[in-house]
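So the structure is just underneath, and the comments pick up after that.
Residue numbers (full-length UniProt numbering): 1 to 66.
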């Protein structure tokens, strides 16, 4: 499981966009989005760099949480 900090998330539309981004990289990935804490936990074998690029394509900056 990788946690991504996505500070630009704030609403249900944002959550859907992040879920769509994850599915575009790995359709079988499991994703849990926490809007209050502005992070997403993703269970996937895909490289974090690919996920971050997918988030960017949806308009969200993201980093792997420490």
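Glycine included, C-beta positions come from ideal geometry on N, C-alpha and C.
Neighbourhood of residue i by C-beta, 6 Å cutoff - its chain only, sequence neighbours within 5 removed
{"i": "residue 22", "result": "29, 31 and 42"}
{"i": "residue 46", "result": "25 and 26"}
{"i": "residue 50", "result": "25"}
{"i": "residue 3", "result": "39, 41 and 65"}
Chain-order list of residues whose beta-carbon lies under 7 Å from that of residue i (same chain, five-residue window excluded)
{"i": "residue 10", "result": "35"}
Residues of its chain near residue i, where Cβ-Cβ distance is below 8 Å and the 5 sequence neighbours each way are ignored
{"i": "residue 18", "result": "6, 9, 31, 33, 40, 55, 58 and 60"}
{"i": "residue 63", "result": "4, 5 and 52"}
- Item | Whole alpha helix (DSSP H) elements within the UniProt domain "HMA" (1–63), 4-residue minimum | For the UniProt domain "HMA" (1–63), whole alpha helix (DSSP H) runs of length 4 or above, ordered along the chain, are 12–25 and 48–57.
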